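Position one of the sequence shown corresponds to residue 158 (the numbering used here), numbered consecutively onward.
We put the CB at the ideal spot given by N, CA and C, even for glycine.
Note that this is a predicted model, so its numbers are computed, not measured.
The block underneath contains the structure these notes are about, expressed in structure tokens.
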Amino acid sequence: MTTGDQSDQVGRLKALLPRWFGDTVPVLSALLAGYGYVQAFLFSLVTYAKLQTRVLTATGGWLDLISADFFGTGLPRIAGQSDASFRNRIIANLFRKRGTRADVIAVLESLTGRTPDVFEPRRVLDTGAYGAPLTGYGAAGGYGSILLPYQAFVTAYRPLGTGIPLISGYNIPAGGYGVPSRAAYGDISTITEPVNASDIFAAIDSVKPAGTIVWARIGMPVDPTINALNLNGGHIFFGGGRLLIEGWDL
């Protein structure tokens, strides 16, 4: 017997009865058992409702409701994400640092698992300088400009994909006709990444310093041992409370 269950509730009700009732009263016991069942259900419902009022103890759809309450549509549950994982994301974003270059990098690393490239035209550590040993000519850095104050260029990368498990590619013997092996046609639902472009842009916009402009593009999730590939991408403009996507071509 645990606190609040049917046996506990029946025992509490019997403790309130006058002493003239005997120990064996089948009809009365059946009646009290019915009341005890209702009381136990109400007790469990109140206990459950209390748990759902706190981020640390909420479960299921209530976590989604909490996320929507704090972040609107900016922090949805990833498909197949567990309550524990989703709860950690909510807590991390509730107390996330904002307003600096490091915070932009941190939020993208948390979202994608990849470190973005950030370039500020007025930051010497990014552009380098003549006679300074910060960046080698033609090897790193970029041209700076004092005409672009409070602006930055961010190249974010999608998460590294895992491919389609247990399905062979073309020209692989395991997928040949008449071969006792496993092969199948791929489906778009099996290769769709859990983080899309809008998630990345929203993450940047949520932590970027106020009054600044961040130009962002998305690179493909290539193997870190291979030179990064830059596809034809568009730019996204944040400023004045507006979001403008230009010429996106992925």
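Same chain, Cβ closer than 7 Å to T312, neighbours up to 5 away in sequence not counted = P273, D274, R374 and G376
Which class does V212 belong to by DSSP, given the choice of helix, strand or coil?
-> coil
What's the C-alpha gap between G301 and G237?
-> One Cα belongs to G301, the other to G237, and the distance between them is close to 44 Å.
Can you grab the Cα-Cα spacing for the pair I303 / L268, in whole Å?
-> 32 Å
Whole-angstrom distance between A190 and R211, CA atom to CA atom = Each residue's alpha carbon lies about 33 Å from the other.
Which residues bound the alpha helix (DSSP H) around W177?
-> Boundaries cannot be given for W177, as no alpha helix (DSSP H) includes it and DSSP labels it neither H nor E.
State the start and end residues of the unbroken alpha helix (DSSP H) segment that holds D264.
-> According to the sequence provided, residue 264 is Val. The question's Asp does not apply to it. It spans R258 to T269 - the alpha helix (DSSP H) in which V264 sits, taken as one unbroken run.
Separation of G193 from V167, as counted between CA atoms = So the alpha carbons of these two residues sit roughly 5 Å apart.
Top-ranked residue by Cα proximity to P105, from W372, E266 and V182 | In the structure as shown, the chain begins at 158 and stops at 407. Residue 105 is therefore absent and cannot be evaluated.
Simplified DSSP state of R416, which is helix, strand or coil | Beyond the ends of the chain as shown, which are 158 and 407, falls residue 416; an answer cannot be given.
Would a C-beta distance cut-off of 7 Å place E266 and A309 closer than the cut-off?
-> no
Where G161 falls: helix, strand or coil (DSSP) | coil
Rounded separation between V352 and A359 - CA only = So the two alpha carbons sit approximately 11 Å from each other.
Which class does V182 belong to by DSSP, given the choice of helix, strand or coil?
-> coil
Status (buried if at least 16 other CB within 10 Å, exposed otherwise) for K254 | K254 comes out exposed.
Do you know how far the Cα of S186 is from the Cα of T159?
-> Answer to the nearest angstrom: the Cα atoms are 19 Å apart.
To the nearest angstrom, how far is it from the Cα of K365 to the Cα of G299?
-> 22 Å
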